[in-house]
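Below: one structure, written as structure tokens.
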Amino acid sequence: MKLKALGCLMFLMPVGMASQGLDPAAILNPVPGSWPTYNGDYSGKRYSPLTQIQQGNVRDLRLAWLYHIDTGPSALPWGPQIKSTPLEVDGVLYFTIPDHAWAVDARTGREIWHYKWESKGGIHIGNRGVGIYREWLFFETPDNHLVSLDKNTGKFRWAVEIADLNLEYFSTPAPLVINNHILVGVGGDSLDVPGYLEARDPETGAVQWRFNTEPRPGEPGSETWPNAQAMEHGGGMTWLSGTYDPELNLLFWGTGNPNPVHAPQSRKGDNLYTCSIVALNPDNGKLVWYFQPSPHDTHDWDNVETPVIFDAEIDGKPRKLLAQAARNGYFFVLDRTNGKQLLTAPFEPDLNWSKGVNAIGQPIPDPAKEPKTDGALVNPASGGATNWPPPSFDPQTGLFYVSSAPSYSVYYLTDTSEHPEGYGGRDSPVWSQSALVALDVKTGKIRWRHVYPEESDSLAGVLTTAGKLLFTGDPSGNVIAFDPVNGKPLWHAGLTSSVTNGPMTYELDGRQYIVVGAGDTLYAFTVSPR
Amino acid sequence: MGLQAQRQNPSATDQPTKPPARQEDQPGARENGPPANQQPGAQNNQNNPEIPEAVREVIRTAMGLGAPPNPEAAARGQKTFVATCGFCHGTNATGGAQGPNLVRSTMVLHDQGTGKEIAAVIHNGRPDKGMPGFATLTEDQVHDIAQFLLQRTQAAANRMEYTIQNIVTGDPHAGEAYFHAHCAGCHSAAGDLAHIANKFDPVALEGRFLYPNFNPFGMGPPPDPRALKHVSVTLPSGVTYSGVLAHIDDFSVSLREDSGVYRSWVYDDVQGIRVEVHDPLEQHLKLLRQYSDADMHNILAYLETLK
């Protein structure tokens, strides 16, 4: 009896102590079954070690709860979209849409609090979620504020401006917490403004360091621009959370397209560090290495897609790797200690914009496929062969999974002046489809590719688990569990919208949950533990 | 292999089935800016003067643009600007030999068309940079200039309103030859395509021949009924149902019969079901993967002769 009571007490203790906050050191080794960052951990693998839900019981997966967000009437003719991946910390899910943050009971889906930011404007296209540091929650807003709340109550702490709304910046990423740094990226390429990534102080919001995605005149990289004016207006936004290797103490971040977007005549050159993966020292923001998957981009192919880190044997030798399925349609594997390219391979079969791959592993853009006044027909469309929806690397299969959009656009150059502005062109989407692609990280070969029957460029994030399952969504409103080995669907459920975020998973009190966001609703699925 | 092998509907693999529903903002669209599939009229709004003001307003909101300038004030401001400022800053304010680009000037962008931020510079000049003052300009004139600059800024920032230039540059004879070799099996210049160039502007016509059924915003001309996919579903009993494909995914299929009756089947529950999709646009998709840009330009040039 006594022992049993003690057991109960011990069992209850972690619950009672749940409000100790999220120590940033704990993110290095997340509590098994928690999800304390946008990608679940620092690696970006989106692979969970949980096994309760597995191939043997996935057919019994059932709805545990759903949470429908209500934000009132919208100025736009479409409803809110949950694009954020919820964080799970101490039994609570935290997620966002533009201007809104919620805390929801991870066991029951009951709302704990809802916070609304009064916006001054900005493009409200999406918000990727929150970062948590001890008791404090952080998220970014379309009008470029970093907002900090008390994670337990949703009470406002402070907000600091991180970019200038009048210059058409807008902010969407989930802040990333590394030690005592809150990493905040920015977006916006309407008016030729420069990109940057900042570390902010978790207590005050003050800037700790700033990495500019364009060099200053005379600095390394400036030789890839014609002049200072082009660099000052060169774009290169930082609008998706990066990844972090604590052993190398390197932060990996993808950067967006150069500006003017489709009219490149005033920015001849490779345009570093736009459309690049940069490796930074997170203590000071200094550049350690870079690799540029899309030199001199003219198609709006932001290269912000998650740089996923993992270790694997290549040619019999253990390697520290970084892999990215880029918006331009190529899959890259790099040595993440130095940024050297190991592999470049297309993950879409009909790409037509490159003349091959150069000696250092970069696709060579074909000038004939740059936007033209009378149009250039290009695969992929400006939305890219993939986009921000998070991919996954499954160490059990050794495969990298990405949602892709086989697609064509006609790219028109509209501004032929010597000094074009903004986009300087338009693309006219012609056709698109959606697919789920499994790539062998050692060869870059497509192991399997599942094309969804319904025509749409709808893309969903991917989650893999040790239960030998892959979760994602199709363009027809289904959340699907696939066999990651061969792409066979094992389970699905029809939702009221297609999946709009990256699926995530956690375990509480011995029960595993799978959570997806689809439009304005979060859905949680479980099996019976016993 | 994977799904391809176990899919009951082989023809679904590579064929699109219907125009994408005008569904939620999906990420595939450009993320660093409003999604393409939410932009009504994205294909050709500038070339379609009939685009409703309400749609323009939705675009403006989605692009995060503030209130538009007063067009009359902006027109007055443009005259004053060209006469007074254009020599140094360029007549369209994008910079000249001596003055900087004002369209992306931080001060102008902060002014937001009010004139409050820029008034002091206009009146007093920037003597250190060689800019003279224009003390005689009235408050109203400064406001008008500010409205003109706001108009210029918003025009640069609103890519949905960019004007596509002349795209009819190809060789109509080469286009005609291509047409006869690849398209004449289904289409004819004297028949279904007669006067086609009078029905669509060139940008719309180009989108239309590249892939006729792509109408992602529901704003363009309605899809041609000839582009609808049909489907035949054969049950294990041997009974076959046919109709217009209503929906298809990896798990189910549905159709609407000519009579209007709607039917659906879940693959798991009808073992042995056979599903055959008939896609009239198969050839368009095949050609889409083959066109050179010259082919595209030539075909458009030829179709433009069909007035």
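Chain order of the listed sequences is A and B.
Residue numbering for the first sequence follows this note's numbering, beginning at 1 and increasing consecutively.
Residue numbering for the second sequence follows this note's numbering, beginning at 1001 and increasing consecutively.
Even glycine gets a Cβ: it sits at the ideal position worked out from N, Cα and C.
Source: prediction; values computed, not measured.
In its chain, beyond the 5 residues on either side, Pro226 have a beta carbon closer than 7 Å to the beta carbon of lysine 268 (chain A). A distance below 8 Å between beta-carbons, with the five flanking residues on each side excluded, links glycine 398 (chain A) to the following residues of its chain, in chain order: Ala312, Asp440, Val441 and Lys442. Look at the region 112-142 of chain A: the residues with a C-beta under 9 Å from a C-beta of chain B are Gly121, Gly122, Ile123, His124, Ile125, Gly126 and Pro142. Proline 1172 (chain B) sits in a helix when the DSSP states are folded into three classes.
With fewer than 16 other CB atoms across the displayed protein chains lying within 10 angstroms of its CB, methionine 1107 (chain B) is exposed. Annotated three-state conformation of leucine 1288 (chain B) is helix, per DSSP. With a contact defined as Cβ atoms closer than 8 Å, threonine 153 (chain A) and tryptophan 113 (chain A) qualify at about 6 Å.
Per DSSP, reduced to three states, the secondary structure at proline 1071 (chain B) is helical.
Residues of chain B with a Cβ closer than 7 Å to the Cβ of arginine 426 (chain A) are, in chain order, Arg1159, Tyr1162 and Ile1164. Judged by their CB atoms, valine 527 (chain A) and glutamine 55 (chain A) are not nearer to each other than the 8 Å cut-off. Taking the C-beta atoms as reference points, valine 89 (chain A) is found nearer than 8 Å to serine 34 (chain A). Closest in alpha carbon position to arginine 336 (chain A), among A:His262, A:Phe252, A:Glu454 and A:Tyr506, is A:Phe252.
Contact annotation for threonine 472 (chain A) against chain B: no contact, minimum CB-CB distance about 12 Å [criterion: below 9 Å]. Only residues of its own chain outside the window of five on either side were considered, and among them Gly1066 and Leu1150 have a CB closer than 7 Å to the CB of glutamine 1112 (chain B), listed in chain order.
Below 8 Å, enough C-beta pairs join the region 166-179 of chain A and the region 123-142 of chain A to call them touching: three or more.
Residue-level contact by beta carbon holds for glycine 422 (chain A) and chain B, with a gap shorter than 8 Å. For threonine 51 (chain A), no Cβ of chain B is located within less than 8 Å of the residue's own Cβ. DSSP places proline 24 (chain A) inside the alpha helix (DSSP H), whose first and last residues are 24-28. Distance from the CA of glycine 185 (chain A) to the CA of alanine 1097 (chain B), rounded to the nearest whole angstrom, comes to 36 Å. Cβ proximity to chain A below 8 Å picks out Thr1094, Gly1095, Asn1101, Val1103, Arg1104, Thr1106, Leu1109 and His1110 from the region 1077-1111 of chain B. Contacts with chain B at 8 Å (Cβ-Cβ) include tryptophan 431 (chain A).
Residues of chain B with a Cβ closer than 7 Å to the Cβ of phenylalanine 170 (chain A) are, in chain order, Gly1064. A direct Cα-Cα distance of roughly 44 Å separates valine 1103 (chain B) from leucine 463 (chain A). In this structure, the alpha-carbon of aspartate 1293 (chain B) lies about 42 Å from that of glycine 1260 (chain B). Taking 8 Å as the CB threshold, tyrosine 452 (chain A) lines the interface with chain B. Those residues of the region 480-495 of chain A placed with their C-beta closer than 9 Å to a C-beta in chain B are Ile480, Phe482, Asp483, Val485, Asn486, Gly487, Lys488, Pro489, His492 and Gly494, ordered along the chain.
By the Cβ criterion, the region 500-512 of chain A is in contact with the region 459-476 of chain A, since at least three pairs of Cβ atoms, one from each stretch, lie closer than 8 Å. Listed along chain B, the residues sitting closer than 7 Å to aspartate 192 (chain A) by beta-carbon distance are Arg1104. Under DSSP, isoleucine 162 (chain A) takes part in no beta bridge, so it has no partner. Neighbours of glutamate 1206 (chain B) across chain A, judged by C-beta separation under 8 Å: Gly375, Val410 and Ser428.
Membership of valine 1231 (chain B) in the beta strand (DSSP E) is indicated by the continuous run 1230-1234.
In the DSSP assignment, aspartate 1144 (chain B) falls within the unbroken alpha helix (DSSP H) covering 1139-1157. When rounded, the separation of the alpha-carbon atoms in serine 148 (chain A) and glycine 195 (chain A) is 23 Å. In terms of beta-carbon proximity, alanine 1067 (chain B) stays away from the interface with chain A, with every pair separated by 8 Å or more. Note on geometry: alpha-carbon atoms of asparagine 303 (chain A) and threonine 255 (chain A) lie some 5 Å from one another. Fewer than three beta-carbon pairs drawn from the region 162-169 of chain A and the region 1075-1095 of chain B are found closer than 8 Å, and the two stretches are therefore not classed as touching.
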